[in-house]
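Trainee: Next up is a structure, given as C-alpha cells.
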Amino acid sequence: MGHTSWAAKGYVTDSFRISLRRGPSTENKILKFLPSGYPVEILKTEEGWSLVHSLADDPENLKGWVLSRYLIIRLPWENQTKLLLQENAVLKEKLARLEGDRDETLKQEADKNIKLKTVHESSQKTIQMLTKENENLRFSQKNRLFLSGALVLLCGLISGMLVGRQQKKQRLSL
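Structure, rendered in C-alpha cells:
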C-alpha cells in the first residue's frame, strides 16, 4: 500500500457532483455532495482516494475523502470562463476609457493644429509683406544713392562750368 502525502490545491472536476465521505471507501458515510468547481485542498492521496479540506467559504469547514479521479489540478473550465469573462469586461471598460481619452486628445490636438495653421498662415502673410516692404526700401535706397550720385555729378558739372566761365572771363579781362 502506497501512501502519498502532499498538500496542493485541487477542484472537483467539470460537470457533476461528487460525494465527500468520512473515509476512503464507498462504504463510508457521505458527508456532503460537492459540485463541479468546488475548491478543495488535497491533503493526502492513498489507493485512489484523496483526503481533502474545503477551501470554499463553508461554515462547516469540512474535511473528508473523495475519489482521486474526480479531482483536477487546473481551474475548471466554467470557473476559467467566468474569470476570463470578468477580465474581458474589465478590459473592455478600460479600452472604452482609453478610446475616449484618445478621442479627446485627438480633438484637442486637432484644435491646436487649426490654431497653429492660422498662426502659420498669418506669419506667412506677415513675412511676405515684410519681404515686399524690405525690397521697396532697398529699391528706394538705391534710388536715393543714384539720385545723390546724379546730384553730385550735376553739381560738379555746374561748378565746373561756372569755374570755367570765370577763368574765361579773367583771361579775357587780362
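Residues in the sequence shown are numbered consecutively from 38, following this note's numbering.
Ideal Cβ positions, reconstructed from N, Cα and C, are used throughout, including at glycine.
1) If you reduce the DSSP assignment to three classes, tell me which class Phe53 lands in.
2) Apply the 10 Å Cβ neighbour rule to Val189 and answer buried if 16 or more other Cβ atoms are within range, or exposed otherwise.
3) Relative to the alpha-carbon of Ser62, which residue among Lys46, Leu88 and Pro72 has its alpha-carbon at the smallest distance?
4) Helix, strand or coil for Glu84 per DSSP?
5) Taking the alpha-carbon positions, what's the Asn98 to Ala126 distance?
6) According to DSSP, is Lys100 part of a helix, a strand, or is it coil?
7) By the 10 Å Cβ neighbour count, where 16 or more other Cβ atoms means buried, how is Ser91 classified, buried or exposed?
8) Roughly how many angstroms separate the alpha carbons of Leu122 and Gln161, rounded to a whole number?
9) Look at the alpha carbon of Lys66 and the alpha carbon of Ala45, and state the distance between them as a whole number of angstroms.
10) For the beta strand (DSSP E) holding Ile110, just list the boundary residues, first then last.
11) Please classify Thr82: is it buried, with 16 or more other beta-carbons within 10 angstroms of its beta-carbon, or exposed?
12) With Leu57 and Leu80 assumed to form a contact (beta carbons below 8 Å), what rounded beta-carbon distance in angstroms separates them?
13) Shortest alpha-carbon distance to Ile55 belongs to which of Asp95, Asp94, Gly85 and Tyr107?
14) DSSP three-state label for Glu78, please.
Mentor: Let me lay it out:
1) coil
2) exposed
3) Leu88
4) coil
5) 33 Å
6) strand
7) buried
8) 56 Å
9) 25 Å
10) No beta strand (DSSP E) holds Ile110; DSSP gives it neither H nor E.
11) buried
12) Wrong, their Cβ atoms sit about 13 Å apart, outside the cutoff.
13) Tyr107
14) strand
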